[in-house]
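A short worksheet on the structure shown next.
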Amino acid sequence: MSQAWQSAVETHKARYREQIIDAAIELIADDGVTKTSMAKLAQHAGVGRATLYKYFPDVESALLAHVGREIDVCEARLDEVIAEHEDPLEQLRACVRALLDYFASRQHRVGWASLDKADLSAKAMATLREEMTRLHKAIIATLRDGIAAGRMRKELDSQRHGKLVFKMVASMQEDITVGALSADEAMDTIWLLLSHGVLHQGR
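If you count the sequence shown from 1, position 184 lands on 184 in my numbering, and the numbers rise without skipping.
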């Protein structure tokens with residue numbers, strides 16, 4: 001098989017995979033995982049059932065593939081915004097903003113609606129949690145560099161506090177998704193707490 005032919009085959013497979021994932025997200029957003037059969041998914045994706053099973057063993061696997069795909073995109077965006085700044089403090093601010101902008105995007109809203117109705121198995125939930133930890137890394141790295149550069153308090157623990165910052169940002173996603181809070185408002189709220197804290201200085 002020539003290299004050009006192999007490349008064409010891989011492109012075709014990737015396109016089918018994306019087509020199936022997109023169809024799964026649409027169906028699950030409407031009906032949930034338990035009411036979305038593989039037969040219904042194959043029909044909605046425009047592929048045969050035999051083809052569908054070559055890519056995913058069940059509907060839940062297609063949903064988790066969507067999660068992995070979205071985290072890949074978000075992780076790449078975090079790497080981009082970090083590279084745009086030299087100051088760790090600005091890198092942290094940019095990471096927070098990038099996450100909030102993603103939560104506000106239509107792409108996230110559709111995926112979140114699907115996850116909200118998914119009723120995932122314990123195994124799938126464990127996979128989902130493991131995937132989400134990939135997004136901790138950028139914030140942990142900025143805290144580590146900020147502490148080393150003297151831009152952030154030396155008593156901070158980059159691992160623990162990095163995860164805490166991520167979870168604080170992630171806690172805003174529901175309000176943003178339902179329109180109760182804009183990304184700008186969420187950014188101001190989070191940055192006020194990160195930069196000034198809760199307690200009066202000297203107490």
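C-beta: ideal position from N, C-alpha, C; glycine also.
By the criterion of at least three beta-carbon pairs nearer than 8 Å, the segment 137-152 is in contact with the segment 87-98. Per the Cβ contact rule, the segment 77-94 is not in contact with the segment 36-49 (fewer than 3 Cβ pairs under 8 Å).
No Cβ-Cβ contact shorter than 8 Å links I28 with L64. Of the candidates R151, D145, K35 and E70, the residue whose Cα lies closest to the Cα of L120 is K35. Taking 8 Å as the cut-off, the Cβ atoms of E75 and L135 count as close. In this structure, the beta-carbon distance from Y16 to Y53 does not fall below 8 Å.
Relative to the Cα of H161, the nearest Cα in the group L143, V169 and I82 belongs to L143.
Here the alpha carbon of G150 sits roughly 45 Å from the alpha carbon of I25. In this structure, the alpha-carbon of D157 lies about 26 Å from that of D101.
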